[in-house]
Amino acid sequence: MLLVAAPIVGAEEKAALCEVIDSGWLTMGDRVRNFEQAFAKAHGAEDSIAVNSCTAALHLILQALGIGPGDEVLVPALTFVATSNCVLYVGATPVFVDIESTDVPLMSLQDAEARCTARTKAIILVHFGGYLADRSAWQDFARRKGLMLVEDAAHAPGLREAGTFGEAAAFSFYGNKNMTTAEGGAILARDPGLLEAMRQARGHGMTSGTHQRLNSRTPHYDVTMLGFNYRMDELRAAIGLVQLQSLARWNEARRHLVDRYRRLIAERCPAVKVPFTAPRISTHHLMAVLLPAGLERQDVIDHLRKRGIQTTIHYGPVHQLTLYRQLCPGVRLPRTEDFAQRELTLPLHPGMDDGDVDMVVAALADAVVAEIAVGAVA
Ligand SMILES: Cc1ncc(COP(=O)(O)O)c(C=O)c1O
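Just so we're on the same page, our numbering is the position in the sequence shown counted from 1, plus 47.
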């Protein structure tokens with residue numbers, strides 16, 4: 048089966064893991080610190096915090112920014128549920144915003160403006176599929192409205208621009224991301240003071256960690272804030288240090304595959320549209336396509352599956368998940384809903400070659416032609 052996403056891990060990661068085991072120090076040691084510095088450097092930042100997931104990163108950011116009960120946070124619904132869950136974690140209210148269009152499935156500034164109230168405190172931007180939101184437009188908007196700007200950059204590791212939009216950004220190293228530590232995440236923040244507060248909150252709010260106390264005279268520590276256990280361990284940091292070395296090359300390989308997909312889809316199945324027709328900075332995390340309206344998506348999924356090709360959907364919109372239908376009833380986001388009904392995510396990862404792309408497009412073209420022939424399209 049050609050998978051939608053596949054991590055690239057091998058001998059170097061294995062060797063790095065063995066070194067950690069041989070070292071006898073398994074969590075929050077030098078490797079975590081080295082990884083934080085290397086990740087920051089890759090983004091042109093001074094420092095970063097490694098955590099155990101992007102979800103934890105988002106939670107720490109909102110908590111550190113003082114967002115809480117009574118506050119509203121603008122979020123897209125075309126995202127993974129973690130984006131809005133973290134708003135609920137701090138007791139605030141997520142307010143779902145529609146996408147710009149099916150060609151630019153990023154949060155709409157116009158709709159965000161319409162949904163702003165006196166309670167709105169922050170915006171969480173998601174760089175859907177790795178395609179960066181418009182930084183200056185969002186910065187102007189945030190400044191004008193007095194809002195804090197947070198990036199859910201789960202899809203955007205390796206871009207210098209990611210993490211430079213607003214107060215802070217959260218990255219994911221989950222197994223299907225552009226680089227992985229199996230589970231893991233990182234935070235970049237503009238204000239070093241905020242970054243240090245989040246570093247402390249990551250480890251229960253303790254004033255020192257086990258590794259620091261090993262190197263100091265005193266075994267005492269204090270707890271000066273409410274914290275969490277969102278620590279990264281040495282094994283994950285060791286994998287991350289290896290993966291970081293290839294991230295730029297892998298993102299470039301993704302770009303090449305996406306260029307080929309775009310060209311072949313336009314030639315061989317023009318009824319299928321590829322969003323982001325205008326050039327935009329991207330890590331090319333997802334190969335999202337839009338099927339023609341009225342076409343039976345499940346038939347296309349089944350057809351590709353029979354040909355050994357996995358596909359997925361990004362995303363079932365968050366406002367339509369049962370939990371959110373109960374918590375935020377009556378939300379209507381017509382462009383998000385249209386996009387989500389027709390979207391199909393094709394395989395895209397640096398382990399693929401041109402032949403894989405050709406095979407996927409051939410299968411997609413056959414499936415779409417077959418569906419159109421049986422009159423499935425309105
Ligand atoms: C847009 C987005 N935000 C947040 C997350 C959560 O990341 P993690 O699994 O590292 O907590 C994901 C993961 O898939 C994601 O795609």
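Just so it is clear, CB atoms sit at the ideal spot from N, CA and C, and this is done for glycine as well.
Going by C-alpha distance, which of the options is nearest residue i?
{"i": "residue 114", "options": "133, 198 and 253", "result": "133"}
{"i": "residue 408", "options": "320, 84 and 389", "result": "320"}
{"i": "residue 200", "options": "335, 101, 381 and 85", "result": "101"}
{"i": "residue 229", "options": "195, 193, 282 and 71", "result": "282"}
{"i": "residue 55", "options": "109, 397, 190 and 341", "result": "397"}
{"i": "residue 204", "options": "378, 331 and 61", "result": "331"}
{"i": "residue 380", "options": "315, 143, 305 and 198", "result": "143"}
{"i": "residue 186", "options": "289, 215, 418 and 416", "result": "215"}
{"i": "residue 493", "options": "92, 130 and 88", "result": "Given that the chain is displayed from residue 48 to residue 425, the structure contains no residue 493 and the question cannot be resolved."}
{"i": "residue 109", "options": "257, 211, 234 and 415", "result": "234"}
{"i": "residue 212", "options": "286, 293, 184 and 145", "result": "184"}
{"i": "residue 415", "options": "387, 359, 280 and 338", "result": "338"}
{"i": "residue 335", "options": "188, 305 and 219", "result": "305"}
{"i": "residue 117", "options": "106, 88, 315 and 166", "result": "166"}
{"i": "residue 79", "options": "256, 182, 50 and 208", "result": "256"}
{"i": "residue 333", "options": "152, 237 and 344", "result": "152"}
{"i": "residue 188", "options": "107, 168, 60 and 207", "result": "168"}
{"i": "residue 206", "options": "291, 107, 238 and 74", "result": "291"}
{"i": "residue 88", "options": "210, 198 and 178", "result": "210"}
{"i": "residue 248", "options": "280, 217 and 276", "result": "276"}
{"i": "residue 325", "options": "92, 48, 179 and 72", "result": "179"}
Please confirm if residue i has its CB atom under 8 Å from at least one CB of chain B.
{"i": "residue 325", "result": "Going by chain labels, chain B is absent from the structure shown, which holds only one protein chain."}
If we ignore side chains and look at the alpha-carbon of each, how far apart do residue i and residue j end up?
{"i": "residue 57", "j": "residue 66", "result": "15 Å"}
{"i": "residue 413", "j": "residue 383", "result": "27 Å"}
{"i": "residue 268", "j": "residue 404", "result": "55 Å"}
{"i": "residue 240", "j": "residue 227", "result": "28 Å"}
{"i": "residue 53", "j": "residue 173", "result": "22 Å"}
{"i": "residue 401", "j": "residue 148", "result": "30 Å"}
{"i": "residue 327", "j": "residue 357", "result": "26 Å"}
{"i": "residue 418", "j": "residue 385", "result": "19 Å"}
{"i": "residue 374", "j": "residue 259", "result": "43 Å"}
{"i": "residue 377", "j": "residue 299", "result": "42 Å"}
{"i": "residue 128", "j": "residue 264", "result": "45 Å"}
{"i": "residue 104", "j": "residue 399", "result": "30 Å"}
{"i": "residue 6", "j": "residue 69", "result": "Missing from the structure shown is residue 6; the chain here goes from 48 to 425 and no further."}
{"i": "residue 284", "j": "residue 420", "result": "52 Å"}
{"i": "residue 425", "j": "residue 387", "result": "With a pLDDT of only 48 at residue 425, under the threshold of 50, the placement of this residue in the model should not be trusted; the figure read from the coordinates follows. Approximately 18 Å between the Cα atoms of the pair."}
{"i": "residue 181", "j": "residue 222", "result": "27 Å"}
{"i": "residue 90", "j": "residue 171", "result": "19 Å"}
{"i": "residue 322", "j": "residue 176", "result": "10 Å"}
{"i": "residue 278", "j": "residue 289", "result": "19 Å"}
{"i": "residue 51", "j": "residue 266", "result": "48 Å"}
{"i": "residue 163", "j": "residue 197", "result": "16 Å"}
Indicate, with yes or no, if ligand 1 has a heavy atom lying under 7 Å from the CB of residue i.
{"i": "residue 202", "result": "yes"}
{"i": "residue 465", "result": "The structure shown does not extend to residue 465, since the chain is modelled only from 48 through 425, so no value can be given for it."}
{"i": "residue 130", "result": "yes"}
{"i": "residue 403", "result": "no"}
{"i": "residue 268", "result": "no"}
{"i": "residue 277", "result": "no"}
{"i": "residue 280", "result": "no"}
{"i": "residue 176", "result": "no"}
{"i": "residue 136", "result": "no"}
{"i": "residue 173", "result": "yes"}
{"i": "residue 127", "result": "yes"}
{"i": "residue 45", "result": "Past the edges of the chain, shown from 48 to 425, lies residue 45, and the structure says nothing about it."}
{"i": "residue 40", "result": "Outside the shown range of the chain, which is 48 to 425, sits residue 40, and nothing can be said about it."}
{"i": "residue 183", "result": "no"}
{"i": "residue 219", "result": "yes"}
{"i": "residue 199", "result": "yes"}
Given 7 Å as the limit, tell me if residue i has its C-beta closer than that to any heavy atom belonging to ligand 3.
{"i": "residue 329", "result": "Of the ligands one can find in the structure shown, namely ligand 1, none is ligand 3."}
### Task
Mind listing, in chain order, the continuous beta strand (DSSP E) runs of no fewer than 3 residues lying wholly within the segment 87–161?
For the segment 87–161, whole beta strand (DSSP E) runs of length 3 or above, ordered along the chain, are 96–98, 119–123 and 140–144.
#### Entry: Runs of beta strand (DSSP E) lying entirely within the segment 151–228, each at least 3 residues, in chain order
167–173, 195–199 and 215–219
### Task
Could you tell me whether the segment 302–314 touches the segment 85–98, using the rule of 3 or more Cβ pairs below 8 Å?
no
### Any 3 or more C-beta pairs closer than 8 Å across the segment 271–279 and the segment 126–144
Contact fails between the segment 271–279 and the segment 126–144, because fewer than three Cβ pairs, one in each stretch, are under 8 Å apart.
### Cβ pair count under 8 Å reaching 3, the segment 143–162 against the segment 78–85
Under the Cβ criterion (8 Å, minimum of three pairs), the segment 143–162 does not count as touching the segment 78–85.
### Message
Is it the case that the segment 245–259 contacts the segment 186–197, given that we only count it when at least three CB pairs across the two stretches are under 8 Å?
### Response
Output reads no: the segment 245–259 does not touch the segment 186–197.
### Query
Where are the beta strand (DSSP E) runs, 3 residues long or more, that stay fully inside the segment 361–393, in chain order?
390–393
### Message
Assess contact between the segment 341–355 and the segment 377–391, defined as three or more Cβ pairs (one per stretch) separated by less than 8 Å. Is contact present?
### Response
yes
### Message
Closer than 8 Å is the cut-off here; do at least three beta carbon pairs connect the segment 115–128 with the segment 358–375?
### Response
yes
### the segment 229–246 in contact with the segment 62–78 per 3-pair CB rule at 8 Å
no
### Query
What beta strand (DSSP E) runs, 3 residues minimum, are completely inside the segment 281–342?
If you keep only unbroken beta strand (DSSP E) runs of at least 3 residues inside the segment 281–342, you get 334–337.
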